[in-house]
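K.L.:
Here the numbering used here is used: position 788 in the sequence shown is 887, and no number is missing along the way. First, the structure itself, so that you have it in front of you.
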Amino acid sequence: MKFNKLMAAFAISSFVSSPVWAQTITGKIIDKSGQPIAFAEIHLDQEKTHVFSDEQGNFELKNVAEGITELHVSAENFSHYNQKITVAGQDISGLEISLNDTVMEIIDVHATPLHSSTIESALPVNVLSADELRLKQASTLGETLKNEVGVHSSYYGPVSSSPIIRGLDGPRVLISQNGLDVGDASRVGGDHVVSSETSTATQIEVLRGPATLFYGSGAIGGVVNIVDNRVPTSTDTMAEWQLQHNDVADENEASFALNTGSGQVALHLDGFWRESNDYDIPGYATSEDEHDDHEEEHEEEHDEHEGEKGTLANSASKSSGFTIGTSYLLENGFIGFSYGRMDREYGIPGHGHHEEEHEEEGHEDEEHVEENVFADLEQNRFQMISDLNFDDKFLSRLASKFAYTDYQHQEIENGEVGTTFKNESIEARVDVYHQEWNGWNGAWTLHFKDSDFEALGEEAFTPPSSTTSFAFAWLEENHLNEQWLLQLGARVEYVEIEPFGMHDNEHEEEHDEHDEEEHHDIEKQDFTPVSASVGLVWDYQQGYNLGFSASFSQRAPSAAELFSNGPHIGTNTFEVGALYEVEPHGDHLDIEVSNQDVELETSYNLDMTWRKFEGDFGFVVSAFYNHIEDYYYQQDTGLFMEGGHDHDEHNAVEEDHGEEEGLPVFVYRQDDVDLYGLEAEFVYQVTSSLKATVFGDYIRAELSDGGNLPRIPPMRVGGQLNYQAEQYAAELSVSHYFEQNDIAAYETSTDSYTMLDANFNYYLSGVSDSDWASDTIVFVKGQNLTDEEARVHSSFLKEDAPLPGRSISLGIRGSF
100 MKFNKLMAAF
110 AISSFVSSPV
120 WAQTITGKII
130 DKSGQPIAFA
140 EIHLDQEKTH
150 VFSDEQGNFE
160 LKNVAEGITE
170 LHVSAENFSH
180 YNQKITVAGQ
190 DISGLEISLN
200 DTVMEIIDVH
210 ATPLHSSTIE
220 SALPVNVLSA
230 DELRLKQAST
240 LGETLKNEVG
250 VHSSYYGPVS
260 SSPIIRGLDG
270 PRVLISQNGL
280 DVGDASRVGG
290 DHVVSSETST
300 ATQIEVLRGP
310 ATLFYGSGAI
320 GGVVNIVDNR
330 VPTSTDTMAE
340 WQLQHNDVAD
350 ENEASFALNT
360 GSGQVALHLD
370 GFWRESNDYD
380 IPGYATSEDE
390 HDDHEEEHEE
400 EHDEHEGEKG
410 TLANSASKSS
420 GFTIGTSYLL
430 ENGFIGFSYG
440 RMDREYGIPG
450 HGHHEEEHEE
460 EGHEDEEHVE
470 ENVFADLEQN
480 RFQMISDLNF
490 DDKFLSRLAS
500 KFAYTDYQHQ
510 EIENGEVGTT
520 FKNESIEARV
530 DVYHQEWNGW
540 NGAWTLHFKD
550 SDFEALGEEA
560 FTPPSSTTSF
570 AFAWLEENHL
580 NEQWLLQLGA
590 RVEYVEIEPF
600 GMHDNEHEEE
610 HDEHDEEEHH
620 DIEKQDFTPV
630 SASVGLVWDY
640 QQGYNLGFSA
650 SFSQRAPSAA
660 ELFSNGPHIG
670 TNTFEVGALY
680 EVEPHGDHLD
690 IEVSNQDVEL
700 ETSYNLDMTW
710 RKFEGDFGFV
720 VSAFYNHIED
730 YYYQQDTGLF
740 MEGGHDHDEH
750 NAVEEDHGEE
760 EGLPVFVYRQ
770 DDVDLYGLEA
780 EFVYQVTSSL
790 KATVFGDYIR
800 AELSDGGNLP
810 RIPPMRVGGQ
820 LNYQAEQYAA
830 ELSVSHYFEQ
840 NDIAAYETST
850 DSYTMLDANF
860 NYYLSGVSDS
870 DWASDTIVFV
880 KGQNLTDEEA
890 RVHSSFLKED
900 APLPGRSISL
910 GIRGSF
């Protein structure tokens with residue numbers, strides 16, 4: 100049913116107009132000394148097609164529509180160049196465009212409807228692409244991005260990890276693929292994997308700060324957009340491939356991506372495979388603090404289980420996936436379709452369920468048994484994208500995006516399915532761009548999203564629910580002059596969250612009793628979040644600018660934040676939503692539906708960014724302040740549910756953390772909070788071959804009436820040296836994470852640690868004239884070279900799953 104709606108909506112919006120294409124633009128790209136720049140990319144603002152300059156720096160753009168447009172030029176190691184031009188009734192020739200050197204990497208950003216790059220946005224943006232992306236690529240999205248300034252990782256072991264942006268994650272950070280929600284369950288629990296693969300991505304973009312105008316209330320903390328070519332826009336034949344082995348988990352990985360086509364039909368195919376065993380760690384998985392708390396109790400047990408030292412149990416995983424896509428290329432754009440499949444099976448490390456059977460008095464305890472808990476994930480995703488340009492007095496471009504996602508993962512204990520999570524979603528987005536009017540360029544966005552989420556089984560901590568949203572947004576920008584760029588935007592949306600019972604006869608009898616007993620009578624909730632922002636970019640001096648942003652953003656709570664009421668096997672917690680009241684009575688805990696209304700989360704955000712991006716020395720320094728009213732967060736109550744893995748026996752309460760026989764009770768609360776911090780990156784080109792970078796970030800997150808938010812990343816500083824020669828490249832980096840002792844109630848502090856990494860690339864083009872070797876690289880990567888024990892403060896598994904020990908990766912990758 101959802102897919103039929105998707106097809107109908109796409110067919111209605113993907114109409115084709117008859118533009119008038121007439122003119123040709125030719126020119127030359129040079130540097131400041133007048134030397135030609137080869138392989139510079141040139142494209143027009145409203146067009147997806149692009150051309151590259153030849154070895155003499157010459158380029159030609161054909162079939163350009165009449166009207167006012169903006170010419171964009173970019174090249175590696177050069178600053179971007181933008182110029183407005185008017186295409187009238189004749190060709191434009193003889194353009195000479197001079198680019199300035201830069202030590203900063205400047206990349207165009209796809210995550211925003213209006214054109215921008217990493218230096219042209221009022222908000223700071225991180226972008227990983229090309230060799231840097233391949234270098235930092237990990238098996239999870241959070242670990243891939245964890246070294247980006249302002250970004251940390253939730254780290255649920257090596258199997259699951261989501262990005263944390265400026266202290267915010269979960270339902271406040273949207274994970275999108277080509278601009279559309281990935282449609283998984285990663286924002287419901289820390290043990291849930293982000294169902295998007297980085298090995299086949301071409302670019303990953305991180306928008307720090309509220310991006311609600313572009314993506315809705317689920318992006319109040321930021322956006323991570325994974326860009327790939329699954330819907331191709333060119334028939335050029337291009338391919339990438341990679342093989343890699345990692346010794347820390349005996350991990351093997353292979354991936355490839357191919358674009359090709361003929362005539363007006365473009366084709367894309369990509370795939371990946373990855374398999375790993377339990378990974379190596381320095382020492383024991385459980386922290387020394389935990390050992391000290393139970394030293395006498397566990398001393399003999401540790402002697403018995405000496406084999407557990409040096410390995411994190413239940414941290415193995417295997418995954419695979421593929422994508423096929425095709426597009427029909429038109430004179431004024433394209434219409435494309437793709438299908439993607441992902442399968443992933445992974446252990447859930449640090450699982451705290453333990454069973455000990457005791458014989459009658461006088462007999463020894465039987466062997467301690469730890470349950471084997473793992474997850475089995477599968478996802479099917481259909482995506483359609485259309486991008487059309489028009490020669491019209493009013494309309495200039497129509498960009499449409501649609502996705503249908505069918506997601507499921509099962510949490511399995513000792514061979515039996517404990518809980519099944521399902522999410523069936525449909526999303527449609529249409530951006531309508533108008534022609535320039537009095538210097539203003541802008542777009543209107545219509546956005547629809549519908550998600551049916553279910554958690555089924557013995558440990559379904561939230562009832563099935565449907566979340567539907569409709570939104571309208573308006574964004575405008577104006578280059579007031581050569582120095583000032585003004586960006587304005589507003590968005591209003593309607594969000595409806597409705598819990599529902601099981602209508603499938605197969606499951607109805609099984610779950611009706613659970614729904615009545617655990618989730619009680621809860622009603623449909625609806626919200627109307629409103630967001631607005633103003634941004635300024637001031638190019639006050641050649642090669643420098645200041646970005647300022649002020650925003651008002653509102654977020655509707657997620658279904659899990661409202662309706663949760665039960666044990667969550669993956670995170671080993673008993674979760675209670677904001678719609679419930681929790682009252683301890685002796686040895687029992689009463690959980691009843693609250694009479695108090697829940698509120699929208701409202702954020703007031705200020706952000707300032709200072710950039711220097713030309714010459715041998717560059718930097719980006721950002722400061723932010725974010726006051727959030729009615730912030731939803733999980734509060735540790737200090738109570739335990741005994742027998743929490745059996746719904747019939749979850750009433751007993753333990754208040755002593757020293758006796759963790761049950762599940763800790765976490766309740767969603769609403770309070771006002773303040774988050775503020777600093778982020779900085781400095782880059783210096785020491786010589787033509789050697790580049791040095793220093794970076795750091797700091798986040799402070801406090802409850803407005805006193806106290807700290809839990810699991811906030813600590814302050815971090817680091818640096819790296821990059822050496823680039825003709826036939827090889829090398830990098831040495833170090834990151835120091837400070838002790839985190841600004842902690843919430845019942846939270847423990849985390850020690851500081853330092854990570855030392857290095858990598859080496861060798862280019863085979865220097866030793867062979869073969870075509871296959873021309874773009875082939877053999878690489879070696881070393882991580883945590885000092886084999887330091889490190890625990891991630893923002894992780895639910897901090898006490899049970901340290902970061903991997905010393906790791907050496909060897910691989911080969913290439914392209915043609």
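Note that CB positions come from ideal geometry on N, CA and C, so glycine has one too.
Would you mind sorting Thr786 into buried or exposed? The rule is 16 or more other CB atoms within 10 Å of its CB.
P.N.:
It is exposed - the Cβ of Thr786 has fewer than 16 other Cβ atoms within 10 Å.
K.L.:
CA-CA distance, Glu394 and Ala318?
P.N.:
Any reading at Glu394 needs caution, since the residue's pLDDT is 47, under 50, leaving its predicted position unreliable; the model's value is listed next. Looking at the two C-alpha atoms, the distance is approximately 44 Å.
K.L.:
Please report the Cβ distance between Leu194 and Ile124, rounded to the nearest whole angstrom; I am assuming they are in contact, meaning their Cβ atoms lie under 8 Å.
P.N.:
The pair is a contact, with the Cβ atoms about 7 Å apart (cut-off 8 Å).
K.L.:
On the CB-based measure, 16 or more other CB atoms within 10 Å of its CB, does Asn540 come out buried or exposed?
P.N.:
Its Cβ being crowded by 16 or more others within 10 Å, Asn540 is buried.
K.L.:
Identify which residue in Ser354, Asp729, Gln784 and Tyr724 has its Cα closest to the Cα of Asp696.
P.N.:
Of the listed residues, the one whose Cα sits closest to Asp696 is Asp729.
K.L.:
Determine the direct distance from the alpha carbon of Gln302 to that of Ser914, and round the result to whole angstroms.
P.N.:
Their Cα atoms are separated by approximately 16 Å.
K.L.:
Taking only the alpha-carbon atoms, compute the straight-line gap between Gly362 and Met337 and give it to the nearest angstrom.
P.N.:
Distance between the alpha carbons of Gly362 and Met337 is about 16 Å.
K.L.:
Are the beta-carbon atoms of Glu660 and Tyr731 separated by less than 9 Å?
P.N.:
Contact: yes.
K.L.:
Would a C-beta distance cut-off of 9 Å place Ala844 and Gln734 closer than the cut-off?
P.N.:
In contact: Ala844 and Gln734 (Cβ atoms closer than 9 Å).
K.L.:
With a 10 Å radius around its C-beta and 16 neighbouring C-beta atoms as the bar for buried, classify Asn513 as buried or exposed.
P.N.:
With fewer than 16 Cβ atoms within 10 Å of its Cβ, Asn513 is classed as exposed.
K.L.:
Going by DSSP, name the residue or residues bridged to His892.
P.N.:
In DSSP, His892 forms no bridge with anything.
K.L.:
Mind checking Lys131: buried by the 16 CB within 10 Å criterion, or exposed?
P.N.:
Exposed: under 16 other Cβ atoms inside 10 Å.
K.L.:
How big is the Cα-Cα spacing for Leu699 and Arg480?
P.N.:
The alpha-carbon atoms of Leu699 and Arg480 are separated by roughly 31 Å.
K.L.:
Per DSSP, what are the beta-bridge partners of Gln640 in this structure?
P.N.:
Partner(s): Tyr643.
K.L.:
Using only the alpha-carbon positions, how far apart do Tyr445 and Gln155 sit?
P.N.:
Answer to the nearest angstrom: the Cα atoms are 52 Å apart.
K.L.:
Cutting at 7 Å between CB atoms, please list the residues of its own chain near Gln653, excluding the five before and the five after it.
P.N.:
Excluding residues within five positions, the ones whose Cβ falls inside 7 Å are Ser316, Pro628, Val629, Ser630, Leu699, Glu700 and Thr701.
K.L.:
Can you give me the Cβ contacts of Ile263 inside the same chain, cut-off strictly under 8 Å, excluding the 5 residues immediately before and after it?
P.N.:
Contacts found: Gly241, Val250, His251, Ser252, Ser253, Val272, Pro812 and Ser893.
K.L.:
In the structure shown, what three-state DSSP assignment does Thr201 receive?
P.N.:
Thr201: strand per DSSP, three-state reduction.
K.L.:
Do the CB positions of Gly805 and Asp200 come within less than 9 Å of each other?
P.N.:
No, the pair does not count as a contact, with Cβ atoms beyond the cut-off.
K.L.:
If contacts are defined as beta-carbon pairs under 8 Å, then Asn376 and His367 qualify, I think. What distance do you get, rounded to the angstrom?
P.N.:
With a Cβ gap of about 32 Å, Asn376 and His367 do not count as contacting.
K.L.:
With distances taken from CA atoms, which of Phe739, Asn725 and Gln122 is nearest Leu143?
P.N.:
Ranking Phe739, Asn725 and Gln122 by Cα distance to Leu143 puts Gln122 first.
K.L.:
Taking all protein chains shown into account, do 16 or more other C-beta atoms lie within 10 angstroms of the C-beta of Thr885, making it buried, or fewer, making it exposed?
P.N.:
It is exposed - the Cβ of Thr885 has fewer than 16 other Cβ atoms within 10 Å.
K.L.:
Can you check whether the CB of Thr561 is closer than 9 Å to the CB of Ser550?
P.N.:
No; because the gap between Cβ atoms is not below 9 Å, this pair is not in contact.
K.L.:
Roughly how far, in whole angstroms, is the beta-carbon of Ala589 from the beta-carbon of Thr544, given that I think they are within contact range, below 8 Å?
P.N.:
The pair is not a contact, with the Cβ atoms about 11 Å apart (cut-off 8 Å).
K.L.:
Compute the Euclidean distance between the alpha carbons of Met740 and Pro763, then round it to the nearest angstrom.
P.N.:
Going by the C-alpha atoms only, they are around 6 Å apart.
K.L.:
Quick check for students: name the residue ranges of the beta strand (DSSP E) that lie wholly in the region 282 to 355, counting only runs of 3 or more.
P.N.:
As far as the region 282 to 355 is concerned, its whole beta strand (DSSP E) runs of at least 3 residues are 302 to 307, 321 to 326 and 337 to 345.
K.L.:
Could you check which residue in Asp346, Gln276 and Ser294 has the C-alpha nearest to that of Val322?
P.N.:
Checking every option, the nearest Cα to that of Val322 belongs to Gln276.
K.L.:
Tell me the rounded alpha-carbon separation between Lys408 and Phe138.
P.N.:
Taking the straight line joining both Cα atoms gives about 53 Å.
K.L.:
Starting from Glu680, trace the beta strand (DSSP E) in both directions and tell me its first and last residue.
P.N.:
Its beta strand (DSSP E) spans residues Tyr679 to His684.
K.L.:
Please determine if the region 818 to 832 and the region 781 to 795 are in contact, where contact requires at least 3 C-beta pairs separated by less than 8 Å.
P.N.:
Yes, they touch.
K.L.:
For Glu778, which residues of its own chain have a beta-carbon under 6 Å away from its beta-carbon, when the five flanking residues on both sides are left out?
P.N.:
Cβ neighbours of Glu778 beyond the five flanking positions: Val248, Gly249, Ser721 and Asp796.
K.L.:
Would you say Ala502 and Ser524 are within 9 Å of each other, going by their C-beta atoms?
P.N.:
Taking 9 Å as the Cβ cut-off, Ala502 and Ser524 qualify as a contacting pair.
K.L.:
Can you tell me whether DSSP reads Asp153 as helix, strand or coil?
P.N.:
The answer is coil: DSSP assigns Asp153 none of H, G, I, E or B.
K.L.:
By DSSP, does Pro813 sit in helix, in strand, or in coil?
P.N.:
Three-state DSSP puts Pro813 in coil, outside helix and strand.
K.L.:
Using only the alpha-carbon positions, how far apart do Ile141 and Gly910 sit?
P.N.:
Those two C-alpha atoms are separated by around 33 Å.
K.L.:
Taking 9 Å as the CB-CB cut-off, is Gly166 touching chain C?
P.N.:
Note that chain C does not occur in the displayed structure, where there is just one protein chain.
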